[in-house]
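Below: the structure, in structure tokens.
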Amino acid sequence: MNMTLLRRGIMRQRLGKTRFDTSGFPVGKTADNMRVFYRRDGLRVMVLSIDGDIYSCTTAGVLARIYDGTAGTVWCFETMPNNAGNDRLWAVNGTDPPQQWDGVAATTSAWTGMTNGFFIIRVWKNMMIAVTSATPQRIFFSPTGNPDGTLPYTTFEDIRGPEDEQDSVTWMDVVGDYLIMFKRRSTWAIVDPVNHQNRRLGGPGAEARFQSCLVNERVYFLSRAGVYSTDGVNEPRYESDKIEPTLESEFNYASITRARVAPTRDRRVLISIPTRSNDFNSMVCELAPDLGERDSDDVKFGAWSIHDLQVSAMCTFRPVDRDVLLGADAKNAKLHQLFNGTNDDGVAISAWWMSRWNSVVAEEPYERLRRVNIEMEGTVVVDIYSDFSGGPDFSASVSTPSDSDALWDGAHWGGGTWDPRDGAFMMRVRPETWARYHAIRFSNNVLDKTFIIYTTELAVRGGKAH
């Protein structure tokens, strides 16, 4: 819990969250969807759907309401130039009149000609693709480069399969040349922008809107059967086998439509879900596709970690010159920069990782675990469990020396090219536990005290294990 893997295969306590918004967030509300709007003249702004209203957010974190909509609805946003070539943000929620915004005006304006029932929009091959509640099995296509000049849209394609003929299209995404369409039980693709012929890739599909993202040229999506991915050519591939027990025991499927999926700038997939009896998102599952292992077919499956972050919506935004991940608090009227800082907005991060049960030396029925050497930074509690015990047989807190140079985040540096690993220390504890099997647990729950573990070494009688 609250652990993450770094690019170099290093395990660390995750970073925290810091407040981003400075003013204007409506009291007692939370954001249900977020989207960035970058104009070609350099203007950068973010839009949020908050209880049926549309809000803008500046790079300084100032929010302002730009449309007063129907409470309880959620806006779907997309960006595309209008028929005059001007950058616009487009918005639909299935209930209110569709809206457009230029990024500067104090309020949005009507998307004239677009009917109220549209609730999904997506840009593909310079066309606006839309789904309406009146015919939810059908996707409509705008003329090329013209989302607002010829309305209503008359070109359409029905997405119908034998097992889910009448099911609604739940969401859409894009990978490469392919437009990916989801129903709850199936995933579809279109590659031809002229004839719009569709092909069923397989099952399942995404459960609801805002539940897919593109990472490493694969679309990752959430269904009731777990997390899947597709490249737009092959059938969906199951990705969540490593966290399947957690999903089965924790996921509150009654509130699955609140779940959100988002990518990060370092090619990770974040899935925010409601757990147990909560009707709000209370857990974030993190998938690092690049850090997994390959199976017998040379397919690489990613590494998972889990965080106790309450996030109702996420997106990547560039306030200054670097992309950061922003998340809306699922319980409070706040926006946070996620995975930033050493605590969760003033609250200590409770992190732990525990190994599986391992026999230290297979040839010996019993063995004494004499030393545990840890190349690490920060402060960590080391617990040693033996022979499937319910509690630790040995526990010790280990802290590396503090750094006098605050610029380098806890690492020592003697000049030259700086490397974070230069700040690591080899620390040691002496459990002297005697058992057939051992398990090791690293944890921490101290405000502003984090830890990174580069490698561990277990020293037993007559040998060592890494």
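Numbering (the working numbering), first residue to last: 14 to 479. Cβ coordinates follow ideal geometry from the N, Cα and C atoms, glycine included. Every value quoted in this text rests on a predicted model; they were computed, and no experiment measured them.
Item: Hey, how far is the Cα of A118 from the Cα of A346?; Value: 24 Å
Item: Give the range of the beta strand (DSSP E) segment to which L339 is assigned.; Value: 337–342
Item: Rounded to a whole number of angstroms, what is the C-alpha to C-alpha distance between T469 and I387?; Value: 4 Å
Item: Is the separation between the beta-carbon of S325 and that of D34 shorter than 9 Å?; Value: no
Item: Taking the C-alpha atoms as reference points, what is the distance between V385 and R441?; Value: 6 Å
Item: Between P206 and the rest of its own chain, which residues show a CB-CB distance below 6 Å, the 5 nearest in sequence each way excluded?; Value: K138
Item: Compute the distance between the beta-carbons of R197 and R237, then report whether it is under 9 Å.; Value: yes
Item: Quick one: Cα of V182 to Cα of L322, how far?; Value: 30 Å
Item: Count the other CB atoms within 10 Å of the CB of D161; is the residue buried (16 or more) or exposed (fewer)?; Value: buried
Item: By how many angstroms is the C-alpha of D186 removed from the C-alpha of I203?; Value: 11 Å
Item: The beta strand (DSSP E) spanning S36 covers which residue range?; Value: Element bounds for S36: n/a, residue is neither H nor E.
Item: Whole angstroms is fine: what's the gap from S69's alpha carbon to D400's?; Value: 56 Å
Item: Within its chain, find whatever has a CB closer than 6 Å to the CB of D248; leave out the 5 residues flanking it on each side and keep chain order.; Value: Asp is not the amino acid found at residue 248; the sequence shown has Glu there. If we look at E248 and ignore the five residues flanking it on each side, its Cβ neighbours are L214, G215.
Item: May I have the straight-line CA-CA distance separating H349 from T270, to the nearest angstrom?; Value: 22 Å
Item: Can you give the beta carbon distance from R27 to H451, rounded, assuming they're within the 8 Å contact cut?; Value: Not really, about 26 Å apart at Cβ, beyond 8 Å.
Item: Could you give the distance in angstroms between the alpha-carbon of F352 and the alpha-carbon of S368?; Value: 24 Å
Item: Please report the straight-line C-alpha distance between R25 and T125, rounded to a whole angstrom.; Value: 51 Å
Item: Which residue comes first and which comes last in the alpha helix (DSSP H) that contains E263?; Value: 257–263
Item: Within 10 angstroms of its Cβ, does W484 collect 16 or more other Cβ (buried), or is it exposed?; Value: Outside the displayed range of the chain (14 to 479) lies residue 484, so it cannot be described from this structure.
Item: Measuring CA to CA, which of F234, P156, I172, R173 is closest to Y166?; Value: P156
Item: Report yes if the C-beta distance between N229 and D336 is below 9 Å; otherwise report no.; Value: no
Item: Short of 6 Å in beta carbon distance, which residues of its chain neighbour S318, apart from the five on each side in sequence? Order them along the chain.; Value: M16, T17, E299
Item: Can you name, in chain order, every residue of its own chain whose Cβ lies under 6 Å from the Cβ of V136, other than the five neighbours on each side?; Value: E91, M93
Item: Would you identify the three-state DSSP class for T270, choosing helix, strand or coil?; Value: helix
Item: My understanding is that L2 touches G82, with C-beta atoms under 8 Å, so please give their C-beta distance in whole angstroms.; Value: There is simply no residue 2 to check, as the chain begins at 14 and stops at 479 in what is shown.
Item: What separation, rounded to the nearest whole angstrom, lies between the Cα atoms of D358 and D342?; Value: 11 Å
Item: Put D357 into one of helix, strand or coil per three-state DSSP.; Value: strand
Item: Compare the beta carbon distance of P111 and N129 with 9 Å and say whether it is the shorter of the two.; Value: yes
Item: Would you mind stating whether Y13 and D109 have Cβ atoms separated by less than 9 Å?; Value: Nothing can be reported for residue 13: it is not among the residues displayed for the chain, which extend from 14 to 479.
Item: Looking only at its own chain, which residues have a Cβ that is under 8 Å from the Cβ of T329, when we skip the five neighbours before and after it?; Value: V49, A275, P276, T277, R278, D336, V337, L338, L339
Item: Find out if the Cβ-Cβ distance for the pair F223, W184 is shorter than 9 Å.; Value: yes
Item: Reducing DSSP to helix, strand and coil, say where D254 ends up.; Value: helix
Item: Tell me the DSSP secondary structure of Y379 in three-state form.; Value: coil
Item: Going by beta carbon distance, what residues of the same chain come within less than 7 Å of R32, once the five residues before and after it are set aside?; Value: K347, H349, D358
Item: Where do the N-terminal and C-terminal ends of the beta strand (DSSP E) with T446 fall, by residue?; Value: 446–448
Item: Give a yes or no on whether the C-beta atoms belonging to R273 and M194 are separated by under 9 Å.; Value: no
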